[in-house]
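Working notes, beginning with the structure itself.
In full-length UniProt numbering, the protein residues as written are 1 to 315.
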């Protein structure tokens, strides 16, 4: 009973923290006079990627570096198929007006760079510096966009933003969201894993499902809240930014902690599934399509198929 209550508590914390982070991000963009997309690509994306960062560093320290790579690759696939699929399935995402073309291309470039680094693996500190140099270039470019986007942002007030909200309240929302999301995700995953173990589910199944999905829960909570509030830029920017951070920052930092051997199965299958899931977003981003319920169903169905194939390969 305590484990069920703990899992439920983690879910509630995730939703509340996701709501706080979206509120803080939207009002921060209004206060700074920059587009909400830029805030979601940086502050929100970094905050929701915190669980992946902690798990990957701990995995290298504990001598299981394969978990770090698996966590990031699995999380990026889940981010596109599940994190965008679920809110689109229930609420729909009005992404046709989102201006994410440039950041999307940066995500594809980061994905291709990450795949190339894996083929030159194992990933060492040299490869890690290349990945970190990539994120430095992207962040510099986003900072320039933030400065140039101030004029346009000043003319449009994000829906749900409060022009009278004080700075300390915006900071409080951001802090609650950035702390609450990884805490809620950890609470939910730990208790759900304990429940699954008691039910006789194997460690392999738990790792392939709960860990990958669990570390994507902050992104999911934030995206669901953004979909409910019709902040498509925040939802899409969160996923794109989180995927960039996962590949360049998390593996970059993990590679500095210790070498990361690349399993042959990653080179044959998982990396290409991650790339394919990212390319699925091309018509959404460049043809200005809304992520409706049909898209949501298709993305969720593809993720279920992916999990079934992975579990079948492990059987």
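For every residue, glycine included, the Cβ atom is placed at its ideal position computed from N, Cα and C. Computed from a prediction, not measured in an experiment: that's the story for all the values here.
Legend entry - Beta-carbon contacts of residue 57 that lie in its chain and below 7 Å, excluding the five residues immediately before and after: Around residue 57, the same chain offers 253, 254, 257 as residues with beta carbons nearer than 7 Å, after the five sequence neighbours per side are excluded.
Inset, instruction - With DSSP as the reference, please indicate the residues paired to residue 123 in a beta bridge. - result: Partner(s): 260.
Legend entry - Assigned exposure category for residue 106 - 16 Cβ within 10 Å defines buried: With 16 or more other Cβ atoms from the protein chains shown falling within 10 Å of its own Cβ, residue 106 counts as buried.
Inset, instruction - Identify every residue that forms a DSSP beta bridge with residue 129. - result: Its beta-bridge partners do not exist; DSSP assigns none.
Inset, instruction - Would you mind reading off the limits of the alpha helix (DSSP H) that contains residue 75? - result: Counting along the chain, the alpha helix (DSSP H) containing residue 75 begins and ends at 65-78.
Inset, instruction - Compute the beta-carbon to beta-carbon distance between residue 214 and residue 17, rounded to the nearest angstrom, for a pair I have assumed lies under 8 Å. - result: Beta-carbon to beta-carbon, residue 214 and residue 17 are separated by about 15 Å, too far to satisfy the 8 Å threshold.
Inset, instruction - Mark residue 245 as exposed unless 16 or more other C-beta atoms lie within 10 angstroms of its C-beta, in which case mark it buried. - result: By the neighbour-count rule (16 or more Cβ atoms within 10 Å), residue 245 is buried.
Inset, instruction - Report all residues from its chain with a CB closer than 7 Å to the CB of residue 362; omit the five preceding and five following residues, and keep chain order. - result: Residue 362 falls outside the range modelled here, since the chain spans only 1 to 315, and no answer is possible.
Legend entry - Status (buried if at least 16 other CB within 10 Å, exposed otherwise) for residue 288: Residue 288 is exposed by the Cβ-count criterion.
Inset, instruction - State the start and end residues of the unbroken alpha helix (DSSP H) segment that holds residue 271. - result: Run containing residue 271: 271-279, per the alpha helix (DSSP H) assignment.
Inset, instruction - Find the nearest neighbour of residue 128 within the set 73, 13, 20, 251, judged by alpha-carbon distance. - result: The shortest C-alpha separation from residue 128 is found at 251.
Inset, instruction - Would you please state the rounded distance, in angstroms, between the beta carbons of residue 89 and residue 296? I believe it to be under 8 Å. - result: Distance from residue 89 to residue 296 at the Cβ level is roughly 3 Å; contact confirmed, criterion being Cβ atoms closer than 8 Å.
Legend entry - Three-state class that DSSP yields for residue 93 in the structure shown: Residue 93: strand per DSSP, three-state reduction.
Inset, instruction - Rounded to whole angstroms, what's the CA-CA distance from residue 366 to residue 216? Just pull it up for me. - result: Outside the shown range of the chain, which is 1 to 315, sits residue 366, and nothing can be said about it.
Inset, instruction - With DSSP as the reference, label residue 84 as helix, strand or coil. - result: Secondary structure of residue 84 (DSSP, three-state): coil.
Inset, instruction - Return the Cβ separation of residue 226 and residue 243 in integer angstroms, given the expectation that the two are a contact with Cβ distance under 8 Å. - result: Actually they do not touch by this definition, with Cβ atoms about 16 Å apart.
Legend entry - Pairwise C-alpha distance: residue 67 and residue 249: Cα to Cα, the separation comes out at about 16 Å.
Legend entry - Residue environment, residue 63, which counts as buried when at least 16 other CB atoms sit within 10 Å: Flag for residue 63 reads exposed.
Inset, instruction - Would you tell me roughly how many angstroms separate the C-alpha atoms of residue 124 and residue 79, rounded to the nearest one? - result: Taken atom to atom, the span from the alpha-carbon of residue 124 to that of residue 79 is near 26 Å.
Inset, instruction - Buried or exposed for residue 186, please, with buried defined as at least 16 other CB atoms from any protein chain shown within 10 angstroms of its CB. - result: Buried.
Legend entry - Minimum C-alpha distance to residue 27 - residue among 148, 172, 104, 4: If we check each option's Cα against that of residue 27, 172 comes out closest.
Inset, instruction - Buried or exposed for residue 73, please, with buried defined as at least 16 other CB atoms from any protein chain shown within 10 angstroms of its CB. - result: Burial call: buried.
Legend entry - Unbroken alpha helix (DSSP H) run spanning residue 242, endpoints: Segment 232-245, the alpha helix (DSSP H) holding residue 242.
Inset, instruction - Can you grab the Cα-Cα spacing for the pair residue 118 / residue 111, in whole Å? - result: Note on geometry: alpha-carbon atoms of residue 118 and residue 111 lie some 11 Å from one another.
Inset, instruction - Evaluate residue 10 with the Cβ neighbour count: other Cβ atoms within 10 Å of its Cβ, from every protein chain shown; 16 or more gives buried, anything less gives exposed. - result: Answer is buried; the Cβ neighbour count reaches 16.
Inset, instruction - With DSSP as the reference, please indicate the residues paired to residue 291 in a beta bridge. - result: The partner list for residue 291 (beta bridge, DSSP) reads 93.
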